[in-house]
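What follows is one structure encoded as C-alpha coordinates, with my remarks underneath.
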Amino acid sequence: MSSKPVLTPSPANVDMKFEIVVIPVSDIDRAKEFYLKLGWRLDADYAAPDNFFRVIQFTPPGSGCSVIFGKGVTASKPGSSQGLYLIVSDIEAARKELAERGVDVSDVFHSDGVYTGSDEPYLFGQHRVSGPDPGNGSYRSFASFRDPDGNGWLFQQITARLPGRIDSAATTFASVQDLANAMRRASAAHGEHEKRISAADPNWPDWYAEYMVREQSGEKLPE
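Heads up, the working numbering is the position in the sequence shown plus 182, with the first residue counted as 1.
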(Lines of atoms letter the chains of each structure in order from A; the text may use other names.)
(Lines give C-alpha, C1' and ligand atoms only; values in the text may rest on other atoms or scores of the structure.)
Protein backbone atom coordinates (compact mmCIF):
# COMPACT_ATOMS: atom_id res chain seq x y z
CA MET A 183 0.00 0.00 0.00
CA SER A 184 1.60 3.24 -1.12
CA SER A 185 1.39 6.38 0.94
CA LYS A 186 0.79 9.81 -0.48
CA PRO A 187 3.88 11.99 -0.81
CA VAL A 188 4.25 14.77 1.72
CA LEU A 189 3.91 18.07 -0.05
CA THR A 190 5.91 21.08 1.05
CA PRO A 191 4.38 24.11 -0.65
CA SER A 192 6.78 26.84 -1.66
CA PRO A 193 6.02 30.42 -0.57
CA ALA A 194 3.93 32.48 -2.98
CA ASN A 195 5.93 34.97 -5.01
CA VAL A 196 3.23 37.64 -5.29
CA ASP A 197 2.45 39.91 -2.32
CA MET A 198 -1.17 39.58 -1.21
CA LYS A 199 -2.01 42.25 1.34
CA PHE A 200 -5.12 41.49 3.38
CA GLU A 201 -6.66 44.94 3.73
CA ILE A 202 -10.48 44.80 3.90
CA VAL A 203 -13.07 43.09 6.10
CA VAL A 204 -16.75 43.69 5.29
CA ILE A 205 -19.09 43.92 8.29
CA PRO A 206 -22.89 43.85 7.90
CA VAL A 207 -24.90 46.63 9.58
CA SER A 208 -28.57 47.63 9.56
CA ASP A 209 -28.21 51.39 10.15
CA ILE A 210 -25.29 52.90 8.26
CA ASP A 211 -25.20 56.26 10.02
CA ARG A 212 -25.54 54.68 13.47
CA ALA A 213 -22.62 52.37 12.68
CA LYS A 214 -20.59 55.32 11.37
CA GLU A 215 -21.17 57.22 14.61
CA PHE A 216 -20.08 54.20 16.66
CA TYR A 217 -16.81 53.63 14.79
CA LEU A 218 -16.05 57.35 14.94
CA LYS A 219 -16.49 57.08 18.73
CA LEU A 220 -13.87 54.32 18.79
CA GLY A 221 -11.36 56.84 17.43
CA TRP A 222 -10.80 54.93 14.19
CA ARG A 223 -9.75 56.80 11.05
CA LEU A 224 -12.58 57.52 8.61
CA ASP A 225 -11.12 56.78 5.18
CA ALA A 226 -14.18 57.07 2.97
CA ASP A 227 -17.92 57.73 2.89
CA TYR A 228 -18.99 57.38 -0.70
CA ALA A 229 -22.51 57.11 -2.08
CA ALA A 230 -23.55 56.56 -5.69
CA PRO A 231 -25.66 59.40 -7.18
CA ASP A 232 -28.80 57.24 -7.22
CA ASN A 233 -28.21 56.12 -3.58
CA PHE A 234 -28.17 52.49 -4.73
CA PHE A 235 -24.73 52.02 -3.24
CA ARG A 236 -22.91 53.52 -0.25
CA VAL A 237 -19.65 52.43 1.32
CA ILE A 238 -17.94 53.65 4.49
CA GLN A 239 -14.40 52.61 5.39
CA PHE A 240 -12.68 52.85 8.78
CA THR A 241 -9.16 51.85 9.82
CA PRO A 242 -8.21 51.07 13.44
CA PRO A 243 -5.10 52.91 14.72
CA GLY A 244 -1.91 51.17 13.59
CA SER A 245 -3.78 48.62 11.48
CA GLY A 246 -2.95 47.58 7.93
CA CYS A 247 -6.48 46.23 7.54
CA SER A 248 -9.67 48.30 7.30
CA VAL A 249 -13.37 47.56 7.70
CA ILE A 250 -16.10 48.62 5.32
CA PHE A 251 -19.87 48.64 5.66
CA GLY A 252 -22.73 50.31 3.91
CA LYS A 253 -25.47 49.68 1.39
CA GLY A 254 -25.06 47.15 -1.38
CA VAL A 255 -21.74 45.80 -0.06
CA THR A 256 -22.79 42.49 1.56
CA ALA A 257 -25.78 40.18 1.77
CA SER A 258 -24.81 38.93 5.24
CA LYS A 259 -27.19 39.40 8.14
CA PRO A 260 -26.44 42.50 10.27
CA GLY A 261 -24.51 41.51 13.37
CA SER A 262 -23.36 38.18 11.94
CA SER A 263 -19.65 39.05 11.94
CA GLN A 264 -18.09 37.57 15.08
CA GLY A 265 -14.57 36.93 16.31
CA LEU A 266 -13.03 40.08 14.82
CA TYR A 267 -9.66 40.37 16.57
CA LEU A 268 -7.84 43.62 17.36
CA ILE A 269 -4.26 42.92 18.46
CA VAL A 270 -2.87 45.20 21.17
CA SER A 271 0.36 45.25 23.16
CA ASP A 272 -1.27 46.59 26.35
CA ILE A 273 -4.79 45.24 26.83
CA GLU A 274 -5.49 47.15 30.04
CA ALA A 275 -4.70 50.45 28.29
CA ALA A 276 -6.74 49.50 25.22
CA ARG A 277 -9.75 48.57 27.33
CA LYS A 278 -9.45 51.72 29.47
CA GLU A 279 -9.41 53.98 26.42
CA LEU A 280 -12.55 52.40 24.95
CA ALA A 281 -14.38 52.65 28.28
CA GLU A 282 -13.42 56.32 28.53
CA ARG A 283 -14.89 56.85 25.06
CA GLY A 284 -18.22 55.54 26.33
CA VAL A 285 -18.01 52.09 24.74
CA ASP A 286 -19.46 49.12 26.63
CA VAL A 287 -16.39 46.87 26.79
CA SER A 288 -15.97 43.76 28.93
CA ASP A 289 -13.44 43.42 31.71
CA VAL A 290 -10.17 41.76 30.72
CA PHE A 291 -10.44 37.97 30.83
CA HIS A 292 -8.42 34.87 30.07
CA SER A 293 -9.05 31.18 29.46
CA ASP A 294 -8.67 28.31 31.89
CA GLY A 295 -8.58 25.91 28.95
CA VAL A 296 -12.20 24.84 29.31
CA TYR A 297 -13.89 24.43 25.95
CA THR A 298 -17.42 24.08 27.27
CA GLY A 299 -19.58 26.61 29.03
CA SER A 300 -22.10 29.37 28.52
CA ASP A 301 -19.68 32.05 27.35
CA GLU A 302 -19.26 33.01 23.72
CA PRO A 303 -16.45 30.94 22.15
CA TYR A 304 -13.08 32.62 21.64
CA LEU A 305 -9.53 31.46 21.02
CA PHE A 306 -8.38 28.99 23.69
CA GLY A 307 -11.75 28.34 25.26
CA GLN A 308 -15.38 29.07 25.97
CA HIS A 309 -15.12 29.81 29.69
CA ARG A 310 -14.02 33.34 30.58
CA VAL A 311 -11.95 33.78 33.74
CA SER A 312 -11.80 37.32 35.11
CA GLY A 313 -8.51 39.20 34.81
CA PRO A 314 -5.52 38.97 32.48
CA ASP A 315 -3.57 35.76 31.98
CA PRO A 316 -1.65 35.13 35.26
CA GLY A 317 1.57 34.51 33.34
CA ASN A 318 1.00 37.57 31.15
CA GLY A 319 1.52 35.31 28.15
CA SER A 320 1.00 36.50 24.61
CA TYR A 321 -2.26 35.46 22.92
CA ARG A 322 -3.86 34.70 26.31
CA SER A 323 -5.60 37.90 27.52
CA PHE A 324 -8.78 39.29 25.97
CA ALA A 325 -11.55 41.89 26.24
CA SER A 326 -14.66 42.06 24.08
CA PHE A 327 -17.17 44.59 22.79
CA ARG A 328 -19.88 44.83 20.13
CA ASP A 329 -21.07 47.44 17.68
CA PRO A 330 -24.74 48.52 17.71
CA ASP A 331 -25.72 45.61 15.42
CA GLY A 332 -23.94 43.03 17.56
CA ASN A 333 -20.88 42.45 15.38
CA GLY A 334 -18.37 41.04 17.86
CA TRP A 335 -14.87 42.42 18.45
CA LEU A 336 -12.14 41.13 20.74
CA PHE A 337 -8.95 42.73 21.96
CA GLN A 338 -6.14 40.18 22.19
CA GLN A 339 -2.84 41.06 23.87
CA ILE A 340 0.28 39.98 22.01
CA THR A 341 3.79 41.09 22.91
CA ALA A 342 5.84 38.13 21.60
CA ARG A 343 4.83 36.43 18.36
CA LEU A 344 4.98 32.73 17.67
CA PRO A 345 8.07 31.69 15.67
CA GLY A 346 7.75 32.28 11.95
CA ARG A 347 4.93 34.79 12.29
CA ILE A 348 7.10 37.81 11.49
CA ASP A 349 10.29 38.07 9.44
CA SER A 350 13.04 39.20 11.83
CA ALA A 351 14.73 40.98 8.93
CA ALA A 352 11.66 43.15 8.41
CA THR A 353 10.42 43.82 11.95
CA THR A 354 8.10 46.80 12.23
CA PHE A 355 5.89 48.33 14.91
CA ALA A 356 2.37 49.41 14.09
CA SER A 357 2.38 52.60 16.16
CA VAL A 358 4.44 54.84 18.43
CA GLN A 359 2.65 53.29 21.42
CA ASP A 360 3.55 49.74 20.33
CA LEU A 361 7.19 50.77 19.93
CA ALA A 362 7.19 52.49 23.33
CA ASN A 363 5.69 49.41 25.00
CA ALA A 364 8.32 47.20 23.35
CA MET A 365 11.06 49.50 24.67
CA ARG A 366 9.60 49.30 28.18
CA ARG A 367 9.63 45.51 28.09
CA ALA A 368 13.19 45.56 26.76
CA SER A 369 14.20 47.96 29.54
CA ALA A 370 12.77 45.65 32.22
CA ALA A 371 14.47 42.61 30.68
CA HIS A 372 17.75 44.50 30.37
CA GLY A 373 17.60 45.36 34.06
CA GLU A 374 17.49 41.63 34.81
CA HIS A 375 20.33 41.10 32.33
CA GLU A 376 22.54 43.59 34.21
CA LYS A 377 21.72 41.88 37.50
CA ARG A 378 22.92 38.58 36.03
CA ILE A 379 26.20 40.03 34.77
CA SER A 380 26.61 42.20 37.91
CA ALA A 381 27.67 45.17 35.82
CA ALA A 382 26.35 48.04 33.73
CA ASP A 383 26.05 47.07 30.09
CA PRO A 384 27.60 49.77 27.85
CA ASN A 385 26.14 48.08 24.76
CA TRP A 386 22.56 48.41 25.97
CA PRO A 387 21.30 49.92 22.66
CA ASP A 388 22.38 46.78 20.79
CA TRP A 389 20.85 44.58 23.51
CA TYR A 390 17.55 46.50 23.38
CA ALA A 391 17.41 46.24 19.59
CA GLU A 392 18.12 42.51 19.59
CA TYR A 393 15.56 41.88 22.32
CA MET A 394 12.81 43.84 20.53
CA VAL A 395 13.42 42.16 17.18
CA ARG A 396 13.56 38.67 18.68
CA GLU A 397 10.44 39.25 20.77
CA GLN A 398 8.51 40.48 17.74
CA SER A 399 9.57 37.57 15.55
CA GLY A 400 9.16 34.85 18.19
CA GLU A 401 12.85 33.94 18.43
CA LYS A 402 14.67 33.00 21.66
CA LEU A 403 15.18 36.13 23.75
CA PRO A 404 18.69 37.27 24.72
CA GLU A 405 19.81 36.71 28.30
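Note that the Cβ used here is the ideal one computed from N, Cα and C, for glycine as well.
Whole angstroms are fine: how far does the CA of residue 243 sit from the CA of residue 395? Taking the first residue of the sequence shown as 1, we reach residue 395 at position 213. Taking the first residue of the sequence shown as 1, we reach residue 243 at position 61. So the two alpha carbons sit approximately 22 Å from each other.
So residue 359 is in the alpha helix (DSSP H); what residue range does that whole segment cover? What you label residue 359 is simply residue 177 of the sequence shown in a count that begins at 1. Per DSSP, residue 359 belongs to the alpha helix (DSSP H) from 358-379.
Close Cβ partners of residue 341 (< 7 Å) along its chain, the five nearest in sequence each way excluded: Start at 1 with the first residue of the sequence shown, and residue 341 comes out as number 159. Excluding residues within five positions, the ones whose Cβ falls inside 7 Å are 271, 320, 367, 397.
From 213, 246, 294, 240, pick the residue whose C-alpha is nearest to that of residue 260; which is it? For the purposes of this step, residue 260 is taken as the residue at position 78 of the sequence shown. Taking only the C-alpha atoms, the option nearest residue 260 is 213.
If you reduce the DSSP assignment to three classes, tell me which class residue 211 lands in. For this step, residue 211 is matched to residue 29 along the sequence shown. Helix, per DSSP.
Is the beta carbon of residue 336 sitting closer than 9 Å to the one on residue 280? Here residue 336 refers to the residue found at position 154 of the sequence shown. Here residue 280 refers to the residue found at position 98 of the sequence shown. No. Outside cutoff.
Out of 277, 405, 276, point me to the one whose CA is closest to residue 379's CA. Here residue 379 is taken as the residue at index 197 of the sequence shown, counted from 1. For the set 277, 405, 276, the Cα lying nearest the Cα of residue 379 is the one of 405.
Using beta carbons (cut-off 9 Å, strictly below), is residue 385 in contact with chain D? Looking at the structure shown, chain D is missing, and only one protein chain is on hand.
Look up residue 240 in the DSSP assignment and give the residues it is bridged to. In the sequence shown, the residue the question calls residue 240 occupies position 58. In DSSP, residue 240 forms a bridge with 224, 249.
For residue 360, tell me which candidate among 370, 329, 273, 289 has the shortest Cα-Cα distance. Along the sequence shown, one-based indexing puts residue 360 at 178. Residue 273 is the option with its Cα nearest to residue 360.
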